[in-house]
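Scroll down for the structure; my scribbles are underneath it.
Shown next as structure tokens:
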């Protein structure tokens, strides 16, 4: 067994759901031990209150809200900064309700609007798991938990020379489909040595047309 220090970024409501379950799995496997080679970051544009029951060991992740109430101000500021590089944003962009409103451009606007926070969170998380992987105590805690479950491993199971960043979510909605491409570039910039993996749910042909359109456009 080899354990790669990893950061998992969940985008949108689907990503947040995956991370909430991953937190519970980590607790079931690792208990409340200080195993710091994993970090979870949830990024959502929907700030409505959700059912969130952290595992008994406490939350291991960070939650970032990308929601922007004053979308007009955000668009105005981004236009000033990005100039022609912001031409992809429709001039009449409006979002009804919470989140990105199933609009890809809405998700992308909110990503750029909170880019500095997102970039810093990814950079800090990858640096943290890398540093944890180099501390003997992290591996000792991990091995102790595995032994408690009948899994005897030789020392050296934590790979201190590699880190990985996973992105999970769906391409059907506006948040995931709008953020996914730029997120890859942001991760490469914030953590240039990290392996990058994208894991996304796709809309099938029976889904609502907007979900199919978002999925197709993101992949294209």
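In my numbering, the protein residues as written are 17 to 236. From the three backbone atoms N, C-alpha and C, an ideal C-beta is built for every residue, glycine too.
The stretch 158–168 makes no contact with the stretch 124–143, as fewer than three CB pairs between them are under 8 angstroms. In this structure the stretch 152–159 does not lie against the stretch 76–87, because fewer than three pairs of beta carbons, one per stretch, are closer than 8 angstroms.
Put simply, of 52, 57, 197 the residue whose alpha carbon is nearest the alpha carbon of residue 157 is 52. The beta-bridge partner set that DSSP reports for residue 180 consists of 22, 211. In the DSSP assignment, no residue is bridged to residue 123.
Here the C-alpha atom of residue 170 lies approximately 20 angstroms from the C-alpha atom of residue 146. Contact annotation: residue 192 and residue 213 have beta-carbon atoms that are not nearer than 8 angstroms. Counting the other CB atoms within 10 Å of its CB gives residue 188 a total of 16 or more, which places it among the buried residues. Straight across, the Cα-Cα distance linking residue 78 with residue 57 is about 5 angstroms.
Nearest to residue 179 by C-alpha distance, out of 162, 207, 160, is 207. When the beta-carbon positions are compared, residue 222 and residue 231 stay at least 8 angstroms from each other. Residue 209 and residue 116 have their alpha carbons spaced roughly 31 angstroms apart.
The residue from 182, 45, 112 with its alpha-carbon nearest to that of residue 142 is 182.
In the DSSP assignment, residue 185 forms a beta bridge with 216. Per DSSP, residue 61 is not a residue of any alpha helix (DSSP H), being assigned neither H nor E. Taking the Cα positions, residue 201 is about 24 angstroms away from residue 109. The C-alpha of residue 111 is placed about 18 angstroms away from the C-alpha of residue 102. Between residue 186 and residue 161, the alpha-carbon positions lie close to 33 angstroms from each other.
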